[in-house]
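Asks: First residue of the sequence shown: 22, per our numbering; consecutive thereafter.
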Amino acid sequence: MTHGGRAAGGPAGESPAAGNDATREGASPDAVTGVVPGAATGTPGTTRILAGDDPASVAEAAAAIRAGEPVAFPTETVYGLGADALDPSAVARVFELKARPRFDPIIVHLADAADLPRYAIHEDASDPRVAALAARFWPGPLTLVLRRREVVPGIVTAGLDTVALRVPAHPVALALIRESGRPIAAPSANPFGRVSPTRAEHVVRQLGGRVRIILDGGPCAVGVESTVLFLARGRAVLLRPGGLPVEEIEATIGPVDRLDDDAPEAAALSPGRQASHYAPGARVQLIDPWPGPDLAVASGERVGVLAFDDAGRRAAEFAAGGPFAAESAAGRPFAAVEVLSHGGDPTEAAAHLFDALHRLDAASLDRIVAQPVPETGLGRAVMDRLRRAAASH
Ligand code: TXA
Ligand code: MG
């Protein structure tokens with residue numbers, strides 16, 4: 022990708038079923054009108070993609086943050102849409118841009134774990150488990166939910182008495198937080214319910230024309246969102262599996278409770294979980310066991326495959342196309358094929374998941390068939406996202 026203040030158009034006329042590549046390289050800088058699926062508000066304008074490793078770009082983005090304007094920026098997990106966490110109007114703009122329901126609280130990003138006591142009450146900030154986790158995993162893909170101090174605006178926490186805090190491990194994110202001098206409230210930079218962005222181009226495709234500045238920091242190394250851990254009132258509850266495997270957390274602080282979506286306390290502890298998430302335009306089917314009869318492709322139907330590994334891809338092509346499929350042209354009878362990790366590594370699969378979903382989203386498919394991923398390490402986070410994507414249609 023090229024850098025240097027390149028202007029990009031908005032996702033003109035994008036429909037949920039047909040992704041739009043016109044906003045990528047070579048797009049007309051004027052093509053800034055259009056409706057982002059799920060993002061209902063905001064006046065389309067020009068989006069600029071700035072090089073995240075250029076201090077002048079970071080300074081410009083930091084000035085925008087201080088002025089109350091949302092900015093898209095890279096983290097090691099996914100791209101975030103950030104605003105000054107202490108400015109309720111700036112945070113309100115983030116909710117509007119994403120069309121995010123106000124009941125879903127936002128993570129506050131800090132440059133340094135030493136800043137945590139400013140935002141969490143003393144009892145939680147001084148919890149030895151917090152110190153142990155911060156020392157071991159920050160900066161990194163772990164979010165801690167602690168009881169908040171008054172300084173955190175209610176819009177950030179959706180009225181909860183807790184705040185989610187994390188120190189991201191991306192030099193551009195850290196530079197932006199430091200340069201702005203503010204804690205940055207940032208959800209993933211996608212319209213609510215859609216696939217999270219792991220490249221600046223994904224942000225352009227989904228929010229182009231709505232956000233004025235995107236800092237480009239290249240592809241996100243982890244590729245799935247942070248692990249969210251509730252650590253207040255003496256409890257430890259996994260609210261969202263993510264980029265840090267829960268096994269590593271348990272090796273540091275002991276057993277962590279899991280939270281089922283239908284658990285009575287799920288809504289109170291984690292209000293964002295109930296809503297549909299991670300949905301590409303096409304219907305997603307998680308096929309378990311793989312391969313299964315649902316891999317059959319009807320005549321005229323455009324089906325995309327999201328395979329975990331090469332063996333899964335071969336099995337799908339064989340199952341769908343019969344004995345001749347193995348010798349046939351790549352992908353046939355499928356319209357698109359994505360393999361998350363050729364050798365079957367869940368960590369690599371996590372890194373490629375959203376990128377693959379964005380490509381499938383751009384392929385005008387009727388249906389996406391997804392292979393289950395082994396639920397160890399980051400495989401849990403991948404399966405969590407695939408189940409939610411499948412449940413949302
Ligand atoms: O990796 C990430 O976490 C990315 C990057 C940008 O940092 N951010 C991200 O934000 O994924 P978002 O808004 O898409 O997801 C935040 C999750 C939501 O499920 C939200 O409900 C939960 O964190 N959350 C935030 N504050 C919370 C709180 N006080 N209590 C419980 N859950 C909270
Ligand atoms: Mg999100």
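We put the beta carbon where it would ideally sit given N, CA and C, even for glycine. Since this is a predicted model, take the numbers as computed values, not measurements.
My output table needs one value for V184: the three-state DSSP class, helix, strand or coil.
Replies: As a working note, residue 184 is residue 163 in the sequence shown. Residue state, collapsed to three classes: strand.
Asks: Should C241 and P95 be called a contact, given that it needs their Cβ atoms to be closer than 8 Å?
Replies: Residue numbering aside, residue 241 sits at position 220 when the sequence shown is read from its first letter. Residue numbering aside, residue 95 sits at position 74 when the sequence shown is read from its first letter. For C241 and P95, yes; Cβs fall inside 8 Å.
Asks: Examine the Cβ distances between the segment 106-118 and the segment 188-195 and report whether three or more of them are shorter than 8 Å.
Replies: Not touching, per the Cβ criterion.
Asks: Please report the distance separating the alpha-carbon of I127 from that of G302.
Replies: In the sequence shown, residue 127 corresponds to position 106, counting from 1. In the sequence shown, residue 302 corresponds to position 281, counting from 1. The straight-line gap from Cα to Cα measures roughly 25 Å.
Asks: Assuming contact is defined by CB atoms lying nearer than 8 Å, are E103 and A190 in contact in what I supplied?
Replies: Within the sequence shown, the letter at position 82 stands for residue 103. Within the sequence shown, the letter at position 169 stands for residue 190. Position check: residue 103 holds Gly in this sequence, whereas Glu was assumed. Result no, Cβ atoms of G103 and A190 do not sit closer than 8 Å.
Asks: Quick check: what's the CA-CA separation for G101 versus V305?
Replies: Taking the sequence shown and counting its residues from 1, one reaches residue 101 at position 80. Taking the sequence shown and counting its residues from 1, one reaches residue 305 at position 284. Spanning the two alpha carbons is a distance of roughly 24 Å.
Asks: Use the C-beta contact count for R203: other C-beta atoms within 10 angstroms, 16 or more gives buried, fewer gives exposed.
Replies: Mapped onto the sequence shown, residue 203 falls at position 182. With 16 or more Cβ atoms within 10 Å of its Cβ, R203 is classed as buried.
Asks: For R401, which residues of its own chain have a beta-carbon under 8 Å away from its beta-carbon, when the five flanking residues on both sides are left out?
Replies: Here residue 401 is taken as the residue at index 380 of the sequence shown, counted from 1. Correct list, in chain order: P262, P266, V267.
Asks: Can you tell which of D148, S201, A391, L327 has the C-alpha that lies nearest to the C-alpha of H443?
Replies: A question about residue 443 goes unanswered here, because the residues of the chain that appear run from 22 up to 414.
Asks: Can you give the Cα-Cα distance for L167 and P292, rounded to whole angstroms?
Replies: Taking the first residue of the sequence shown as position 1, residue 167 is located at position 146. Taking the first residue of the sequence shown as position 1, residue 292 is located at position 271. Rounded to whole angstroms, L167 to P292 spans 15 Å at the Cα level.
Asks: Under 8 Å between the Cβ atoms of A173 and D382?
Replies: By 1-based counting over the sequence shown, the position of residue 173 is 152. By 1-based counting over the sequence shown, the position of residue 382 is 361. It should be noted that the sequence gives Val, not Ala, for residue 173. Cβ distance not < 8 Å, so V173 and D382 don't count as in contact.
Asks: Mind checking if D145 is an interface residue toward chain B, Cβ cutoff 8 Å exclusive?
Replies: Checking the listed chains, one finds no chain B in this structure; it contains a single protein chain.
Asks: Consult DSSP for T219 and reduce its assignment to one of helix, strand or coil.
Replies: As a first step, residue 219 must be located in the sequence shown, where it is residue number 198. Looking at T219 - three-state DSSP - the assignment turns out to be coil, as it is neither helix nor strand.
Asks: By DSSP, does D387 sit in helix, in strand, or in coil?
Replies: Position 366 of the sequence shown, counting from 1, holds the residue named residue 387. D387: coil per DSSP, three-state reduction.
Asks: Flag this pair as yes or no: are the beta carbons of D376 and T219 separated by less than 8 Å?
Replies: For the purposes of this step, residue 376 is taken as the residue at position 355 of the sequence shown. For the purposes of this step, residue 219 is taken as the residue at position 198 of the sequence shown. Going by C-beta atoms, D376 is nearer than 8 Å to T219.
Asks: Taking 8 Å as the threshold, find out whether the segment 231-245 comes into contact with the segment 317-325 through three or more Cβ pairs.
Replies: Output reads no: the segment 317-325 does not touch the segment 231-245.
Asks: DSSP state of S209, grouped into three classes?
Replies: Along the sequence shown, one-based indexing puts residue 209 at 188. Of the three classes helix, strand and coil, the one that applies to S209 here is strand, per DSSP.
Asks: I128: beta carbon under 7 Å from a heavy atom of ligand 1?
Replies: One-based indexing of the sequence shown puts residue 128 at position 107. Flag set: Cβ of I128 near ligand 1.
Asks: Using the three-state DSSP reduction, which class does A288 fall into: helix, strand or coil?
Replies: The sequence position of residue 288 within the sequence shown is 267, counting from 1. Looking at A288 - three-state DSSP - the assignment turns out to be helix.
Asks: Could you compute how far the alpha carbon of G125 sits from the alpha carbon of D74?
Replies: Within the sequence shown, numbered from 1, the residue matching residue 125 stands at position 104. Within the sequence shown, numbered from 1, the residue matching residue 74 stands at position 53. Here the sequence assigns Asp to residue 125, which means Gly is not the residue at that position. Looking at the two C-alpha atoms, the distance is approximately 31 Å.
Asks: So is H143 buried or exposed if we call it buried at 16+ other beta carbons inside 10 Å?
Replies: For this step, residue 143 is matched to residue 122 along the sequence shown. Classification for H143: exposed.
Asks: Can you tell me which of the three DSSP states T68 falls into?
Replies: Position 47 of the sequence shown, counting from 1, holds the residue named residue 68. The answer is strand: DSSP assigns T68 an E or B state.
Asks: With a threshold of 7 Å (Cβ to nearest heavy atom), would P208 be considered close to ligand 2?
Replies: One-based indexing of the sequence shown puts residue 208 at position 187. Because some heavy atom of ligand 2 lies under 7 Å away, the Cβ of P208 counts as near it: yes.
Asks: Rounded to the nearest angstrom, what separates I270 and G66 at their Cα positions?
Replies: Against the sequence shown, residue 270 aligns to sequence position 249. Against the sequence shown, residue 66 aligns to sequence position 45. Roughly 43 Å separates the two Cα atoms.
Asks: Output the boundary residues of the beta strand (DSSP E) element that contains G175.
Replies: Sequence index remark: in the sequence shown, residue 175 carries index 154 (1-based). Here G175 belongs to no beta strand (DSSP E); instead the alpha helix (DSSP H) covers 175-178.
Asks: What are the residues that DSSP puts in a beta bridge with G101?
Replies: The residue labelled residue 101 in the question sits at position 80 within the sequence shown. BP columns for G101 point to F94, S209.
Asks: Using only alpha-carbon positions, find the residue among G398, A391, T397, G264 that is nearest to R409.
Replies: The residue given as residue 409 occupies position 388 in the sequence shown. Comparing Cα-Cα distances from R409 to each of G398, A391, T397, G264, the minimum goes to A391.
Asks: Any heavy atom of ligand 1 closer than 7 Å to the Cβ of A125?
Replies: Residue mapping note: residue 125 aligns to position 104 of the sequence shown, counting from 1. Looking at the sequence provided, one finds Asp at residue 125 rather than Ala. Yes, ligand 1 has a heavy atom inside 7 Å of this Cβ.
Asks: Under 8 Å, with one C-beta from each stretch per pair, do the segment 149-159 and the segment 272-279 reach the 3-pair mark?
Replies: Short answer: they touch.
Asks: In or out: G180 buried (at least 16 other Cβ within 10 Å) or exposed?
Replies: Mapped onto the sequence shown, residue 180 falls at position 159. By the 10 Å Cβ count, G180 comes out exposed.
Asks: With a CB to CB cut of under 6 Å and the five nearest residues on each side skipped, what residues in its chain are close to D405?
Replies: Translated into positions along the sequence shown, residue 405 becomes position 384. Answer for D405: P262, listed in chain order.
Asks: So, using beta-carbon positions, are R279 and A287 closer together than 8 Å?
Replies: For the purposes of this step, residue 279 is taken as the residue at position 258 of the sequence shown. For the purposes of this step, residue 287 is taken as the residue at position 266 of the sequence shown. Their beta carbons are not under 8 Å apart, which means R279 does not touch A287 by this criterion.
Asks: Could you work out which residue in V326, A72, S209 is closest to L308 when comparing CA atoms only?
Replies: Position 287 of the sequence shown holds residue 308. Before going further, note that residue 308 is Ile rather than Leu in the sequence given. Looking at the Cα atoms, V326 is the closest of the given residues.
Asks: Hey, A185 and T164: beta-carbon distance below 8 Å or not?
Replies: The residue you call residue 185 lines up with position 164 of the sequence shown. The residue you call residue 164 lines up with position 143 of the sequence shown. It is a contact, given that the beta carbons lie within the stated cut-off.
Asks: For G161 and R187, I'd like the C-alpha separation in whole angstroms.
Replies: For the purposes of this step, residue 161 is taken as the residue at position 140 of the sequence shown. For the purposes of this step, residue 187 is taken as the residue at position 166 of the sequence shown. Approximately 8 Å between the Cα atoms of the pair.
Asks: According to DSSP, is F124 part of a helix, a strand, or is it coil?
Replies: Counted from its first residue, the sequence shown places residue 124 at position 103. Coil at F124, not helix or strand.
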